[in-house]
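Under the numbering used here, the first residue of the sequence shown carries the number 2, and numbering increases by one thereafter.
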Amino acid sequence: MIRPRTVAVLLAGLTALFAFRVAGQAWVAFPGAFPRPPAWWPPMEAWFSGLIVYRVLLTSQVLLLALQVVHVVIWWRRPEPVTPRPRRAFWLMGFAASYAGAMAARYGVAISLRGGWGGTWWVGGLIPVVFHFVLAAYVGVWAAAWRNPVRAGPGAKLRAE
Numbered sequence: 002m003i004r005p006r007t008v009a010v011l012l013a014g015l016t017a018l019f020a021f022r023v024a025g026q027a028w029v030a031f032p033g034a035f036p037r038p039p040a041w042w043p044p045m046e047a048w049f050s051g052l053i054v055y056r057v058l059l060t061s062q063v064l065l066l067a068l069q070v071v072h073v074v075i076w077w078r079r080p081e082p083v084t085p086r087p088r089r090a091f092w093l094m095g096f097a098a099s100y101a102g103a104m105a106a107r108y109g110v111a112i113s114l115r116g117g118w119g120g121t122w123w124v125g126g127l128i129p130v131v132f133h134f135v136l137a138a139y140v141g142v143w144a145a146a147w148r149n150p151v152r153a154g155p156g157a158k159l160r161a162e
């Protein structure tokens, strides 16, 4: 059984990692608003694929962070373990695995289109892909929280959805 506070702490850690990505990207996107990043800090091309207008992307990232924070607070305040929801857990875990797999494929395609692994470590969009894995892990933790049953005795039946 995963305790709600444990879930909250894991989700908070993953939220903090995603917030780091959003802040790191904004650091290079708005050069006049912040002190200049160090020379080793990746350029904007490493943080941003350009598929979505950056203002729209940043707005959606901030909204997602706000939802994640609310979700963390809900788990933190939960007084007791959740009743298992196997179907919910199944679909959430399936989504997390599919999402992570799609991001791995995305990175493989990007590397092959660029002609291989040469160049700097962020070539091919590694930074966005890594943080998509962070988001997939967030959903995976959420799924695990719904999957793990409350320990009830050998003959106890779990409530069906």
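The beta carbon of each residue, even a glycine, is placed where N, CA and C say it ideally should be.
Cβ-Cβ separation, residue j to residue i (assumed contact under 8 Å), whole Å
{"i": "A97", "j": "A144", "result": "6 Å"}
Residue i and residue j closer than 8 Å at C-beta
{"i": "P38", "j": "W28", "result": "yes"}
{"i": "R48", "j": "G33", "result": "Just to set this straight, residue 48 is Trp in the shown sequence, not Arg. It is not a contact, given that the beta carbons lie outside the stated cut-off."}
{"i": "R4", "j": "P85", "result": "no"}
{"i": "L12", "j": "Q69", "result": "yes"}
{"i": "S61", "j": "G126", "result": "no"}
{"i": "A9", "j": "V73", "result": "yes"}
Cut-off 6 Å between Cβ atoms - residues of its own chain near residue i, not counting five sequence neighbours on either side
{"i": "L15", "result": "V135, A138, Y139"}
{"i": "G141", "result": "A97"}
{"i": "M94", "result": "A144"}
{"i": "F35", "result": "W28"}
{"i": "F196", "result": "This structure cannot settle anything about residue 196, because the visible part of the chain is limited to 2 through 162."}
{"i": "I53", "result": "none"}
Cα-Cα separation between residue i and residue j, rounded to whole angstroms
{"i": "V63", "j": "R22", "result": "11 Å"}
{"i": "R56", "j": "W42", "result": "21 Å"}
{"i": "H133", "j": "A146", "result": "20 Å"}
{"i": "R79", "j": "F91", "result": "22 Å"}
{"i": "V83", "j": "W77", "result": "12 Å"}
{"i": "R6", "j": "L65", "result": "21 Å"}
{"i": "M104", "j": "E81", "result": "35 Å"}
{"i": "A106", "j": "E46", "result": "19 Å"}
{"i": "S113", "j": "V71", "result": "39 Å"}
Cut-off 8 Å between Cβ atoms - residues of its own chain near residue i, not counting five sequence neighbours on either side
{"i": "Y108", "result": "G125, G126, L127, V130"}
{"i": "L58", "result": "F49"}
{"i": "P44", "result": "V29"}
Same chain only: Cβ atoms within 7 Å of residue i, ignoring 5 sequence neighbours per side
{"i": "A101", "result": "F134, A137"}
{"i": "S99", "result": "none"}
{"i": "R160", "result": "Here R160 scores only 46 on pLDDT, less than 50, and its place in the model should not be relied on; the value that follows carries that caveat. Excluding residues within five positions, the ones whose Cβ falls inside 7 Å are T84."}
8 Å Cβ cutoff, residue i in contact with chain B
{"i": "V110", "result": "Here chain B cannot be found, since the structure has a single protein chain."}
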